[in-house]
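Just so it is clear: in the sequence shown, position 117 is 1308 by the working numbering, and no numbers are missing.
Note that beta-carbon positions come from the ideal geometry of N, C-alpha and C, so glycine has one too.
Computed from a predicted model, the values in this text were never measured in an experiment.
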Amino acid sequence: MKSTPKYRPERTAALLKETIAVALMSEVKDPRVGFVTVTAVEVSRDVSVARVKISVLGDGDEKARALEGVKSASGFLRSLVARELKLRSVPELRFELDTGLEQAARVNEIFAELKRKDPKS
């Protein structure tokens, strides 16, 4: 039995990220999918599932609508990925919001607040 090379999931993730990002900008016509950025793609070791993390500008409702729009386009995106990348098996695309930037901003706010309260600074 042949084993899967360690670098294959990472290489596939990079190709998926680029292909999906371009497709979201130019191919997806859903009005709910406004300014969406693909921030990361994590592919399972057997390359059967890809978790696609997206970032959306806006409030909670806009983010939820954009996520629903992207999820509804997942079949289209998967078929586009199959055509573009010519993979033997195309991973299932699972989309989720990336909250890393928001968390980083919140941490910066907390540090700034602590610095203002500190009499030594």
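Which residues mark the beginning and the end of the beta strand (DSSP E) in which residue i is found?
i            : result
residue 1203 : Looking at the DSSP string, residue 1203 is not in any beta strand (DSSP E); the run it does join, the alpha helix (DSSP H), is 1199 to 1217.
residue 1302 : Premise fails: residue 1302 lies in the alpha helix (DSSP H), 1291 to 1308, not in any beta strand (DSSP E).
residue 1285 : 1283 to 1288
residue 1244 : 1240 to 1247
residue 1232 : 1227 to 1234
From this set, the options, which residue's C-alpha is nearest residue i's C-alpha?
i            : options                   : result
residue 1204 : 1214, 1234 and 1250       : 1234
residue 1260 : 1245, 1278, 1304 and 1303 : 1245
residue 1247 : 1263, 1224, 1264 and 1262 : 1224
residue 1255 : 1272, 1288, 1277 and 1276 : 1288
residue 1200 : 1304, 1302, 1300 and 1278 : 1278
For the alpha helix (DSSP H) that contains residue i, what are its first and last residues?
i            : result
residue 1257 : 1251 to 1263
Within its chain, find whatever has a CB closer than 7 Å to the CB of residue i; leave out the 5 residues flanking it on each side and keep chain order.
i            : result
residue 1263 : 1221
residue 1218 : 1271
residue 1214 : 1268 and 1271
residue 1192 : Caution applies to residue 1192, whose pLDDT of 45 falls short of 50 and renders its modelled position unreliable; the value that the coordinates give is listed next. Answer for residue 1192: no residue qualifies.
Taking 8 Å as the limit between beta carbons, can you name the residues of its chain near residue i, skipping five residues before and five after?
i            : result
residue 1307 : none
residue 1258 : 1245, 1247, 1286, 1287 and 1288
residue 1304 : none
Is residue i close to chain C? Criterion is C-beta to C-beta, closer than 8 Å.
i            : result
residue 1212 : Looking for chain C here will not work: only one protein chain is present.
By Cβ distance, which residues of its chain are closer than 6 Å to residue i, with the 5 residues on each side in sequence left out?
i            : result
residue 1276 : 1206
Task: the segment 1273 to 1288 touching the segment 1233 to 1245, judged by at least three CB pairs closer than 8 Å - done: yes
Open item on the list: Contact between the segment 1208 to 1222 and the segment 1268 to 1281 is defined here as three or more beta-carbon pairs at a separation below 8 Å; is this criterion met?
Closed with: yes
TODO: Report yes or no: do the segment 1220 to 1231 and the segment 1293 to 1301 share at least 3 C-beta pairs separated by less than 8 Å?
DONE: no
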